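Notes follow once the structure below has been shown.
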Amino acid sequence: MVPTPARPVNDTNEALASFYAKVDELESVFIDRLGDAIKIPSISAYADNRKDVFAMSEWVATKLKAVGVDVTLKDLGKQEGTDLDLPPLVLGRYGSDPEKPTVLVYSHYDVQPASIEDGWKHEPFVMTVEEDGKICGRGTSDDKGPLIGWINMIEAFQKINVDVPANLVFCFEGMEETASFGLRQGLEDEADKYFKDVDVVCITDVVWVSDEQISVPQGLRGIIFYLVTITGAKVDAHSGGFGGQISEPMTDMVNIMSSLVDSNGKILVPGIYDNVQTVTKEEYESYQKLNISEDSLYGGTGGRSLHDNQADALVARWKKPSLSLHRIENALPGAGAVTSIPAKLVGKFSIRTVPFMKWEDIDQLVRKHIKDRFKSLGSKNDLEIECHPNDWFYEEASHWNYQAAIQATRNVWGVDPALTCEGGSIPIALDFKKTLKKNVLLMPVGRPTDGQHSTNEKLDKSNYINAIKLYGAYLKEVTNFWRQSKQNFFTMCLTNVVTDVNTSSNFQDFSTQHTALDLTIDFDRKVLIGRTAITGQVRVHGLAEIVLDTSHVAIKGVSYQGGMAVWTLKSDDGENGSPLCIELGRRYGEGETIELTVRLIVNLAVSLMMELANLVAGKVDFETTEKTTGLQWFSPSQTDDKQYPIMSSGVPESELIFPPITDTTEQKTYRFKMEIPISNYLFAVASGNLAGEKIGPKSYVYCAPGDLEACKQEFQPDLQAIIKSAENLIFEYPWPLYNLVVLPKSFHLGGMENPIFNFYSATVVSGDRENISVVAHEFAHSYSGNLVTNASWEHFWLNEGWTVWTERNIVRDLRGDDEVELQAIVGWQDLIQSIEMYGGEDSVFTSLVLEFEGKRPDDIMSKISYEKGYTFLCYLEETVGREKWLKFVPHYFRTFYGAAVDSSRFKDCVLKFFSPDAAATSSLSRVDWNSWFHKPGAPPKPEFSSELYKKAIELADQWGSLSVRSAFRPSGSDVEGWTAGQVLVFLDLLIKSPQPIPLEHCKLLDELYDVGKSTNLEIVTRYLRVALQAGDRSVLKQTEDILGQTGRMKFVRPLFQGLLSIDEELTLELFKKYHDFYHPTCLRMVRNLLDEERS
């Protein structure tokens, strides 16, 4: 069945739909334009037609200029060995939007020779459109039709007043049909000039795998061409006179040639298959399903197949090397009589190579085999070996350039294209890849029956018109996918050296591509048991060992390639846990892919998404221990329903509504899949009796069954407004779902940004919807932290500073400027307090870019990264102006979409974005980046102004001066109409006052303002701290109750600190009592506090 054009079934974009309609409307114009180009016989092979090739270059340049392309004709000099001028490279630029990717488009405007005498039905240089829609003429398919399609595409967008979706750079050559003389030098000349800002390359000089099967080829075999010369005499000799008397080269040549390959196509050179990529079961099955006729499969050759089915034939063509014997030639002119003995022979053969074979290695194997064979013959003749290599080409289809082409093909043709490889070679593809170091897409336009180098060349009208649509759809999809990985990240960019002091792993040598976890949660034993399959790519030559981070886990075994691996779990170094060292059994080369399986690893090295290569499989079995720091087990008494236990892990997950627990002995299985790459620290699991309900188009809430209504009332009214505000600020929410998982109050954090399922402490459900900023904060992490993450923990501020900035802009939309200003002031106070807590103004632990100096990240990370980062972003916003800054924000997140970023790359991104703006560039030149990044202590204090804050200060001052002689008399009306934020500021001021309020007045706080009775733990815990500072022992029982209800660190640590100032014995008793209740991180923090205070 021959594919026919389809309306774009997956595309609802109105502008693109209008573009398609305009292309259809202009069909006759576009066909006439192709006819004009066909008239020019731009045959590069013939000197007499060189003037026509130049004429064609001028024609192309004129048409490009007509649609607004800035054109440059690059002179390539003389053709080597002749006096002929080489046709110029026609270079063009269209668009320079920094928020769009730049696509380099390659085509060629020269053609193969053609003459009516060769057997053409029509004049080859006069376009003829046949009744069945075939557009006939030399160059229709190769390559004038595909080239002109780009011009047509621009015109169609212009006609509907819509911008072309991406920036374009054109490189059209005029010598492709004659070895591309001059192209490689031209590419090298312009790599760092004209092509320096190119993101990807698109080549359309390819065709489908068959007339019936639309395809996108991702690989091309390489070729190593050999000349084997055997010399025995100076001249040919008569066999009658000299047969059996002199050594004969033909005997040796036949022997050697026959030793290279057998009759079934198997290459006999030892070791040649060692680095050939294994064909997966999925690949093999997909090849068998391709819609290819037998005639197409064998190219109409009538040859006898060596394979039983289509899949085997395609594997042989695409995925395995082949060796073909071409001919044995007499090297001397005038071969003489048939019965002569040749004096000198040249045997010609070639090897088609596949990824990831290295031609240098293959050449060594071939030379050794031939020399060994020749030596074994005991021949008197002389042997010479010469080779001419062209490497294979391969691109991973997961790259956003290929994903864009796949989606565009699906949109335009209405079918999924087959991902294929090609048996032949296209040298220019490799030239672009190696010279520009960019992903090169091969996007077919024509069909294999177009007769590109034959008589009666044609291009189906449907292919020509749909190619124009395909280009537009591709550019739209390229822009979308570009935002998911311009500098591919979780991969963090191969050219960017990444350091990370918080890991013992060799993540620079081996980078994770995919992780699959199979976990069993054992509530009785309080352990996780299972295995994790880790697929990653080797990034260095000669890798023999993989080192993974672990922390307090019991490793049961590691395996790969179906056998057990040799592994060692080293002792805990006190900082980065216990390294798991896995021996690979052999040395792996750069680009190879390794798949290990390990049971339950809590912390893996931060990893990268890389290209696919040779695969090996492995397993590691493990289970957690009672010392595992990433786990928290809640007994039934610690949960909000008091019935069932819950396990929470600070390590990723995904997916919807789960049935309630009815039988606690029943084993249940749940499966999750994460489509968007994430860093492994974001993986988390929560398991227990959690009820769920939908609270928005993309949102569900999960919590203890008895808390479901309260959680709905807390989150549902504001959730959609929060999402909409973030989308207006940045771009559309990129994840498929946004869910809220409410964990018991004993959870140690207020919230945790795990993608798709955000975790919240039940303390956030206060009943007054006053913790909206917590929800705004965790949702903001969907962009900063989850979509774009810090490259290492030194740059933690990029996660949290951006998140606070986004959070407060969301709150601005929902609650107004004054509320944001109030929060910013509170944040500044937290910053100053944190600086004091972490060593003061001169401590390296207070820098924006963190320095650990042997400390664990958990011991150093603080509010400093949040608030100092926020302050810096606000400073930059003020420096360039809010209107301009708001344009930068989405650009930042698109640039590093799905990637890791450090402070240096953030700075470069800012400066590059604003470089076209002279005023902004001038302002940014005065930014002291080094001081902001590395100077300890507080940054310059911003100017704050908030009426809400002023009222809180005034009341706090009045309470500070409260005495029997004071005119101030507290009243419940003092805080009437106040927000929870104002109450918190007021209580914080009392806490920070040099003198605690008098004990006799302390009870008035609760009696008049109800702060001790509030359902909001933010308020209650602050009131208790004020009372404890005043020495009010009447609140000891309430303090004890709160410490037994919540494990949230921001509440627990200050309460223990206040309690210690009144009753050390009770403090130690409660710490012991609730020891098993708190998360390990919370425990460590409180233990450090107690040690410090008591010392």
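Numbering (our numbering), first residue to last: 9 to 1103. Virtual Cβ for every residue (Gly too), placed ideally from N, Cα, C. In this text the structure is predicted, and so the values were computed from the model without any measurement.
Beta-carbon proximity of residue i to residue j, cut-off 8 Å
i            : j            : result
residue 853  : residue 947  : no
residue 1023 : residue 1063 : no
residue 195  : residue 444  : yes
residue 218  : residue 300  : yes
residue 786  : residue 808  : no
residue 374  : residue 453  : no
residue 209  : residue 447  : yes
residue 479  : residue 158  : yes
residue 597  : residue 549  : yes
residue 746  : residue 706  : yes
residue 1043 : residue 1036 : yes
residue 141  : residue 406  : no
Cβ-based neighbour list, residue i, same chain, cut-off 7 Å, excluding 5 preceding and 5 following
i            : result
residue 1031 : 995, 1013, 1014, 1019 and 1020
residue 615  : A caution first: residue 615 carries a pLDDT of 23, below 50, which makes its placement in the model unreliable, though a value can still be read off. Same-chain partners within the cutoff: 498, 515, 519, 520, 544 and 688.
residue 35   : 473
residue 961  : 997
Opposing strand residues paired with residue i [DSSP bridges]
i            : result
residue 81   : 98
residue 454  : 215
residue 466  : 144
residue 176  : 102 and 111
residue 523  : 542
residue 575  : 590
residue 238  : 353 and 391
residue 261  : None, per the DSSP bridge assignment.
residue 119  : 51
residue 317  : Its beta-bridge partners do not exist; DSSP assigns none.
residue 560  : Paired residues: none, contrary to the question.
residue 1010 : Looking at the DSSP assignment, residue 1010 forms no beta bridge with any residue, so it has no partner.
8 Å Cβ shell around residue i - same chain, five flanking residues per side excluded
i            : result
residue 1041 : 1070 and 1071
residue 594  : 552
residue 958  : none
residue 1007 : 1038, 1039 and 1040
Closest residue to residue i among the options (Cα-Cα distance)
i            : options                : result
residue 184  : 720, 436 and 1051      : 436
residue 482  : 790, 113 and 465       : 113
residue 424  : 216, 473 and 573       : 216
residue 477  : 164, 325, 170 and 139  : 164
residue 831  : 845, 842, 815 and 843  : 815
residue 606  : 917, 568, 586 and 176  : 568
residue 925  : 701, 34, 891 and 943   : 891
residue 868  : 876, 858, 877 and 141  : 858
residue 697  : 604, 941, 711 and 200  : 711
residue 897  : 917, 837 and 167       : 917
residue 449  : 484, 363, 402 and 470  : 402
residue 1076 : 23, 1059 and 1101      : 1101
residue 773  : 763, 287 and 750       : 750
residue 484  : 326, 412, 733 and 238  : 412
residue 188  : 440, 988, 1083 and 203 : 440
residue 538  : 527, 332 and 577       : 527
residue 420  : 565, 25 and 1047       : 25
residue 40   : 144, 102, 73 and 58    : 144
Same chain, Cβ closer than 6 Å to residue i, neighbours up to 5 away in sequence not counted
i           : result
residue 388 : 255
residue 273 : 314
residue 724 : 703
residue 802 : 857 and 858
residue 122 : 132 and 146
residue 323 : 287
Check: residue i C-beta below 7 Å from any heavy atom of the ligand ADP
i           : result
residue 172 : The ligand ADP is not part of this structure, which contains no ligands at all.
Notebook entry, point to check: Which ranges does the beta strand (DSSP E) cover as unbroken runs of at least 3 residues, wholly within the stretch 762 to 828, from first to last along the chain?
Noted result: 765 to 769 and 796 to 798
Margin query: Which runs of the alpha helix (DSSP H) at least 4 residues long sit entirely within the stretch 933 to 960? Give them in chain order.
Written below: 937 to 942
Margin query: Threshold first: 4 residues or longer. Then list the alpha helix (DSSP H) segments lying entirely within the stretch 692 to 737, N to C.
Written below: 716 to 737
Next item on the list: List in chain order: all unbroken alpha helix (DSSP H) runs of 4+ residues lying wholly within the stretch 864 to 908.
Entry: 865 to 868, 871 to 888 and 890 to 903
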